[in-house]
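Enquirer:
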Amino acid sequence: EEGEYDEAKATAIRLKALEQKPKSKKGERNSFGLAVGKGKSSGASKDYLDFAACFEPMCAETAKCEELRDEGFLAADSNGNGLCSLAELETFVLRCLVTKYPNSGKGKDYKTPGQDLFKAFRP
2 EEGEYDEAKA TAIRLKALEQ KPKSKKGERN SFGLAVGKGK SSGASKDYLD FAACFEPMCA
62 ETAKCEELRD EGFLAADSNG NGLCSLAELE TFVLRCLVTK YPNSGKGKDY KTPGQDLFKA
122 FRP
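Right, dumping it as structure tokens:
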């Protein structure tokens, strides 16, 4: 359906973004007011794109995405008071990341990619 979220298309866009280097000059800002083009490490990291992939399906202005946002809010509002505290939102984000990127391996090879992403982007 037109306007619906397409996981394959979103993944292709994220992968293409990893391959491209921004062509802006140092000190320039993008349409969101964020600095771009700072040195060789400019552009979105793979970790950021993985983080964003968890929540991207909720972003489009479609009925399906609105339903996903409503479900997400209900999941985040653990005490059911109609408000989400910072602690509730942190728990929700961590749960989403661990669900999409589950723990794997054993012993020395044990990996926690969902928790690692949470720690990387939590202020």
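Numbering (my numbering), first residue to last: 2 to 124.
A virtual CB, placed ideally from N, CA and C, is assigned to each residue, including glycine.
For clarity, every value in this text was computed on a predicted model and none was experimentally measured.
Within its chain, find whatever has a CB closer than 8 Å to the CB of Lys111; leave out the 5 residues flanking it on each side and keep chain order.
Expert: The question names Lys, but residue 111 is Tyr in the sequence shown. Cβ neighbours of Tyr111 beyond the five flanking positions: Asn104, Ser105.
Enquirer: Whose C-alpha, out of Lys120, Leu84, Ala54, is nearest the C-alpha of Ala9?
Expert: Ala54
Enquirer: Enumerate in chain order the residues of its own chain whose CB-to-CB distance from Glu57 is below 6 Å, with the five nearest sequence positions on each side excluded.
Expert: Ala11
Enquirer: Excluding five sequence neighbours on each side, which residues of the same chain lie with their C-beta closer than 6 Å to the C-beta of Arg123?
Expert: Within the same chain, Arg123 has no close Cβ partners at all.
Enquirer: Just to confirm my understanding: we take Ala134, look at its own chain, exclude 5 residues before and 5 after, and list those with CB closer than 8 Å. What are they?
Expert: For residue 134 there is no data in the structure shown, the boundaries of the chain being 2 and 124.
Enquirer: Would you call the CB atoms of Asp51 and Tyr102 closer than 8 Å?
Expert: yes
Enquirer: Relative to the C-alpha of Asp78, which residue among Tyr49, Glu68, Glu91 is closest?
Expert: Glu91
Enquirer: Sorted by chain position, which residues of the same chain lie with C-beta nearer than 6 Å to Gly115's C-beta, five sequence neighbours on each side aside?
Expert: Leu98, Val99, Tyr102
Enquirer: Between which two residues does the alpha helix (DSSP H) holding Lys65 run?
Expert: 64–77
Enquirer: Measure the C-alpha to C-alpha separation of Ser25 and Ala13 and round it to an integer number of angstroms.
Expert: Confidence at Ser25 is low in this model, with a pLDDT of 49, below 50, so its placement is unreliable and the value that follows should be read with caution. Taking the straight line from one Cα to the other gives about 23 Å.
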